[in-house]
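Residue numbers (this note's numbering): 33 to 186.
C-beta: ideal position from N, C-alpha, C; glycine also.
Below is the structure:
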């Protein structure tokens, strides 16, 4: 069970990180905020569902229900945090370039712009690689660092 959850959440996160959107518009930021709030509300609902199932239908134990009600929402939050880090690093790169475009001389901006055009895409790929590696570490800690046994579900 732990390996299935670990692998599933890594695949979902890597697809979400590498989907191509590195900068968010205002509408996409609203959607991201709604996703964040939905995870919090879903975590609250998941607790009631899993504890209710463990109480009335003896499919899973109470300890397993409690473990799953903690592990699954934290995994979804890790997905959002990974994407947030990529988007924020890309936004920081763009803010720096816009600042220099406005407040720097044309000669200095052209030098900086050529550097950004040369190394900017590579820095975005580096940010995505770091976020991908970080999400693997987070999911390893979430799914294998818990002391409660989750295997009892299957």
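{"Item": "Cut-off 8 Å between Cβ atoms - residues of its own chain near residue 42, not counting five sequence neighbours on either side", "Value": "167, 168, 171"}
{"Item": "As assigned by DSSP and simplified to three states, the class of residue 39", "Value": "helix"}
{"Item": "Within 8 Å, strictly: CB atoms of residue 121 and residue 67", "Value": "no"}
{"Item": "Beta-carbon proximity check, residue 119 vs residue 54, cutoff 8 Å", "Value": "yes"}
{"Item": "Best match in 147, 85, 174 for proximity to residue 128 [C-alpha to C-alpha]", "Value": "147"}
{"Item": "Helix, strand or coil at residue 177 according to DSSP, with G and I counted as helix", "Value": "coil"}
{"Item": "Identity of the residue in 110, 134, 144 nearest residue 165 by Cα", "Value": "110"}
{"Item": "Rounded straight-line distance, which links the Cα of residue 135 to that of residue 202", "Value": "The requested residue 202 is not part of the displayed model; the chain covers only 33 to 186."}
{"Item": "Close beta carbons around residue 123, own chain, < 7 Å, minus the five adjacent residues each side", "Value": "55"}
{"Item": "Straight-line Cα distance separating residue 36 from residue 91", "Value": "19 Å"}
{"Item": "Beta-carbon proximity of residue 174 to residue 81, cut-off 8 Å", "Value": "no"}
{"Item": "Run of the alpha helix (DSSP H) containing residue 74, from where it starts to where it stops", "Value": "58–88"}
{"Item": "Test item: CB-CB of residue 138 and residue 105 under 8 Å", "Value": "no"}
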